[in-house]
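For reference, each letter of the sequence shown is one residue, going 8 to 451 in our numbering. Glycine residues also receive a C-beta, built at the ideal position from the N, C-alpha and C atoms. First up is the structure itself, then whatever we jot down about it.
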Amino acid sequence: MITINEEKCKRPLAISGGNPIRTVPLPWEFPGAYYINEEESQLIQTVIHHKSPFRYYGIDLQHMVDQLETAVCEKFSVPYAIAVNSGTSALYIALAAFGVGPSDEVLVPGYLWVSCVSAIVRLGAIPRLVDIDDTFCMDPEDLKNKISTHSKAIIFVHMSGATGHINEVKKIAQENQLFLLEDCAQSLGTTLNRQYVGTFGDMAIFSFQLNKNITSGEGGMIICRDKQLYQRCFACHDLGFSRTPSGRLDFSDTHCQLWGSGSRMSELTAAMALAQFKKLDKILHAMRESKSKIRQSLIHLEKLQFRRILDPLGDSSCFLITIYPSVELCQAFTLALVAEGIKGEKGSITCVPMSQWGLHWYFNIPSLVNKTSWCADGFPWSHPKNNFANLYTYAKGSLPCCDDYADRAALLTISSHLSDQDIIDIITAFHKVYFHLLKNTKDA
Ligand SMILES: *Cc1c(COP(=O)(O)O)cnc(C)c1O
């Protein structure tokens, strides 16, 4: 345990004119980025040197995408993986493989990312909101309330690096014969009782965008165990058809005459993602060490609550979520932390009230709240088979638990590159602000 300087904590808060705990910005919140080095360069150089940037054929193909998919299959002990160009594409493709369309609804948590919703709507289906619980993931109890005859699939989103009651949700999915898609974009490498997230459901998706645990700038992955789902994903990620072993289009399989989304991964992206994937455990180790030190040093602060983490050892640890007695205290506490220097470079998101967490909350997605369409017809909201959803609303006020946490919770990104001094400063700042703003508040 880290011992903090008690006397320092009693000095005036920086927000009231005192001296801040630190003045140097904290590192950026891009876990994989700090680990980019010659290994990424070398693999990318290999692709360039061999003049073969396309995955299915080329002058002298180096099979970077194949190697990446194989590495992913091995790590998760699954037979199938398909690399794609983004997590957003991956979600769309996975739902298309399930056969989601008009008259279907897909159950999603209210704390999510806009891509989950856009995938559903672009397929002509209806998003059905489910509340979260204190794990900040889908609440199995509310899920039971929301399932209807139109329900086709559930997207369980492992949010902010950790998971929730995925086993309970899996059971409900099975009992109701619903597909279960795991969105692991924010939790590559996260485990629950030693089982990797992404291996509970029918399919799972990952993202390699800059903010995720590893990065190739853009990129994504779909994994599954079922051969037919795999074949449908394959067709949808490409041009709508399967391919021969030599990488040429194959129209012979009548089950795979679908519509493609042009979401293939290039050899260049795969080269970078492959180098990063090999560093995943190292990156997770750094964040886990830092977060555990910070959490351990704050856990005894009675009036500070934390997001419930079911398995702290399995938390990929990219975020620390704290919960306050009121909206006002949450705002004041966070502003005071920022004033103490708990912030990053200009443009970074390091320490914010979760109300400012943008498209992660259902009610912050204007196209969802306003049920917009990209065509004059108003599809899919106007589709006759979607009439059942006419009364669904998506404005704030639809999910009590989400609404409450959005107001009372704050988020600190745990960089993969924190120094011991950074960690001490974060802990000291929390103690200092706690002493001044929270310690002596009356219980709510
Ligand atoms: C980032 C993210 C995605 C989308 O991934 P991209 O690669 O950015 O398209 C999907 N779901 C969640 C939960 C995410 O955080």
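| Asked | Found |
| --- | --- |
| Taking the alpha-carbon of CYS263 as reference, which of ASP245, GLU274 and SER93 has the nearest alpha-carbon? | ASP245 |
| Less than 7 Å separating the Cβ of THR197 from some heavy atom of ligand 1? | no |
| What three-state label does DSSP hand GLY452 in the structure shown? | Here the chain has residues from 8 to 451 only, and residue 452 is not among them. |
| Whose C-alpha, out of ILE89, ARG18 and ALA21, is nearest the C-alpha of SER249? | ILE89 |
| Is the CB-CB distance between PRO332 and THR448 below 8 Å? | yes |
| Return yes when at least one heavy atom of ligand 1 lies under 7 Å from the C-beta of ALA277, else no. | no |
| If you measure between the beta carbons of SER389 and TRP35, is that distance less than 8 Å? | no |
| Quick check: does the Cβ of VAL204 come within less than 7 Å of any heavy atom belonging to ligand 1? | no |
| Which parts of the segment 53-93 are runs of the beta strand (DSSP E), unbroken and 3 residues or longer, counting only runs that do not cross its ends? | 87-91 |
| Quick check: does the Cβ of ALA132 come within less than 7 Å of any heavy atom belonging to ligand 1? | no |
| By the three-class DSSP mapping on this structure, what secondary structure does ILE421 have? | coil |
| According to DSSP, LEU5 sits in a beta bridge with which residue or residues? | Any answer about residue 5 is impossible in this case: the structure gives the chain only from 8 up to 451. |
| For ILE179, report the span of its alpha helix (DSSP H) as first-last. | 173-182 |
| Tell me which residues share the same chain as ARG135 and place their Cβ nearer than 6 Å to its Cβ, disregarding the 5 neighbours each side in the sequence. | GLU112, LEU114 and LYS153 |
| Taking C-beta to C-beta, are ILE28 and GLY348 nearer than 8 Å? | yes |
| Is it true that the segment 287-294 meets the segment 97-113, where meeting means three or more beta-carbon pairs spaced less than 8 Å apart? | no |
| What three-state label does DSSP hand THR197 in the structure shown? | coil |
| For ligand 1, is there any heavy atom lying closer than 7 Å to the beta carbon of LYS159? | no |
| Measuring CA to CA, which of VAL121, ASN174, GLU335 and ALA278 is closest to PRO60? | ALA278 |
| By how many angstroms is the C-alpha of SER270 removed from the C-alpha of LEU317? | 34 Å |
| For a quick check, are the C-beta atoms of GLY227 and GLY247 less than 8 Å apart? | no |
| On the DSSP bridge assignment, give the partners of THR329 in chain order. | PHE313 and ALA417 |
| For LYS58, count neighbouring Cβ atoms within 10 angstroms of its own Cβ and tell me buried if that reaches 16, exposed if not. | exposed |
| Who does MET145 pair with in a DSSP beta bridge? | ILE139 |
| Is DSSP giving PRO407 helix, strand or coil here? | helix |
| Could you check where the alpha helix (DSSP H) with PRO360 kicks off and where it finishes? | No alpha helix (DSSP H) holds PRO360; the beta strand (DSSP E) holding it covers 358-360. |
| Could you check whether the Cβ of THR261 sits closer than 7 Å to any heavy atom belonging to ligand 1? | no |
| Measure the beta-carbon distance from ASN183 to SER158 and round it to whole angstroms, keeping in mind my assumption that it falls under 8 Å. | 7 Å |
| Run through DSSP, which three-state label would ARG295 get? | helix |
| Taking the DSSP output, what are the residues bridged to ILE381? | First, the amino acid is wrong: residue 381 is Trp here, not Ile. Answer is none; TRP381 lacks a bridge partner. |
| What do you reckon, is the C-beta of GLN52 under 7 Å from a heavy atom of ligand 1? | no |
| Buried or exposed for LYS234, going by 16 or more other Cβ atoms inside 10 Å? | exposed |
| To the nearest angstrom, how far is the alpha carbon of SER405 from that of PRO373? | 14 Å |
| At the level of alpha carbons, what is the spacing between ASP322 and SER96? | 25 Å |
| When you compare only the Cα positions, how much space is there between VAL79 and GLY196? | 11 Å |
| Report the rounded CA-to-CA distance for ILE55 versus ILE11, giving the unit in angstroms. | 51 Å |
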